[in-house]
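This report concerns only the one structure given below.
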Amino acid sequence: MRIAVLALQGAFFEHIAMLNKLGVDSIEIRQKSDFSKGFDGIILPGGESTTMNKLLHDLKLFAPLQDSIKAGIPCFGTCAGLILMSKRFEDSRWQHLDVLDVTVKRHGFGRQIGSFSVNDSFAGSTVPMVFIRGPYITEVGENVKILAKTGGKIVSVRQNNLLGTAFHPELTEDSTVHTYFLDMINARCE
Ligand code: GLN
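Mapping of the sequence shown onto this note's numbering: position 81 corresponds to residue 111, and the numbering continues sequentially without gaps.
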């Protein structure tokens, strides 16, 4: 199995390190030709969604990325990555990859003091959740399964081939969420 990690900006290295720890091969997506390398899943890291969105367009990566996801390749977005995948925004009109049927509220926990960590339940397991000026989800479409909430706010969802977390599992030692994503890929390949 090989995972492509979008490596334009933000916390991509930490995802690669987590994949290494799990014994999974990875490649970085930095330019259009990287899409021809062959991979089984995509990770969109946290960072700054506006910057990442601009870079995706400037580097002509937006269309191949959107096409791959719409074709069904499993995609896991953390924080800014979740924002990029979402269809609707509470506080902005700009359209991103437009694949995940949720409404997100950017900086939902606050811009300045919105960074914190908690232990809470993700798909039935307690995991550490690190939030860094993260969003939360205010509304989900009918095909979207809620995997985690904290403080009453939706912070992780699954929709078919898409997995999103408002928190950063790659910044912890806990591999539960990455393992969940790898299981999604394995189930697709069976
Ligand atoms: N607030 C950031 C954004 O809107 C996301 C923060 C993060 O990825 N840690 O892009």
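All C-beta atoms, glycine included, are put in the ideal place defined by N, C-alpha and C.
How long is the line joining the alpha carbons of residue 135 and residue 90, rounded to whole angstroms?
Going by the C-alpha atoms only, they are around 27 Å apart.
Can you confirm whether the stretch 178-194 touches the stretch 146-164 when touching is taken to mean that 3 or more C-beta pairs between the two stretches lie within less than 8 Å?
The stretch 146-164 vs the stretch 178-194: in contact.
With DSSP as the reference, label residue 197 as helix, strand or coil.
Coil.
Roughly how many whole angstroms lie between the Cα atoms of residue 184 and residue 60?
If you take the alpha carbons of residue 184 and residue 60, they lie about 31 Å apart.
Just confirm the distance between the C-beta atoms of residue 116 and residue 130, as a whole number of angstroms; I'd bet it's less than 8 Å.
Confirmed, Cβ separation roughly 5 Å.
Examine the Cβ distances between the stretch 186-200 and the stretch 93-112 and report whether three or more of them are shorter than 8 Å.
Contact holds: three or more Cβ-Cβ distances are below 8 Å.
State yes or no: is the C-beta of residue 123 nearer than 7 Å to some heavy atom of ligand 1?
No, the Cβ of residue 123 stays beyond 7 Å of every heavy atom of ligand 1.
Measure how close the beta-carbons of residue 119 and residue 133 come, nearest whole angstrom, since I'm counting them as under 8 Å.
Confirmed, Cβ separation roughly 7 Å.
Just the C-alpha distance for residue 49 and residue 126, rounded to the nearest angstrom, thanks.
So the alpha carbons of these two residues sit roughly 26 Å apart.
What would DSSP say about residue 187, mapped onto helix, strand or coil?
The answer is strand: DSSP assigns residue 187 an E or B state.
From 70, 137 and 86, pick the residue whose C-alpha is nearest to that of residue 106; which is it?
The option with the nearest alpha carbon to residue 106 is 70.
Taking C-alpha atoms, which residue in 214, 216, 215 and 202 lies nearest to residue 45?
Here the closest residue by C-alpha is 202.
Relative to the alpha-carbon of residue 170, which residue among 83, 194 and 78 has its alpha-carbon at the smallest distance?
Selected option, being the one with the closest Cα: 194.
Would you mind listing the alpha helix (DSSP H) stretches within the stretch 69-146 that are 4+ residues and don't spill past its ends, in chain order?
With a minimum length of 4 residues, the continuous alpha helix (DSSP H) runs that stay inside the stretch 69-146 are 79-88, 92-100 and 110-115.
Beta carbon of residue 162: closer than 7 Å to some heavy atom of ligand 1?
Yes, Cβ of residue 162 sits closer than 7 Å to a heavy atom of ligand 1.
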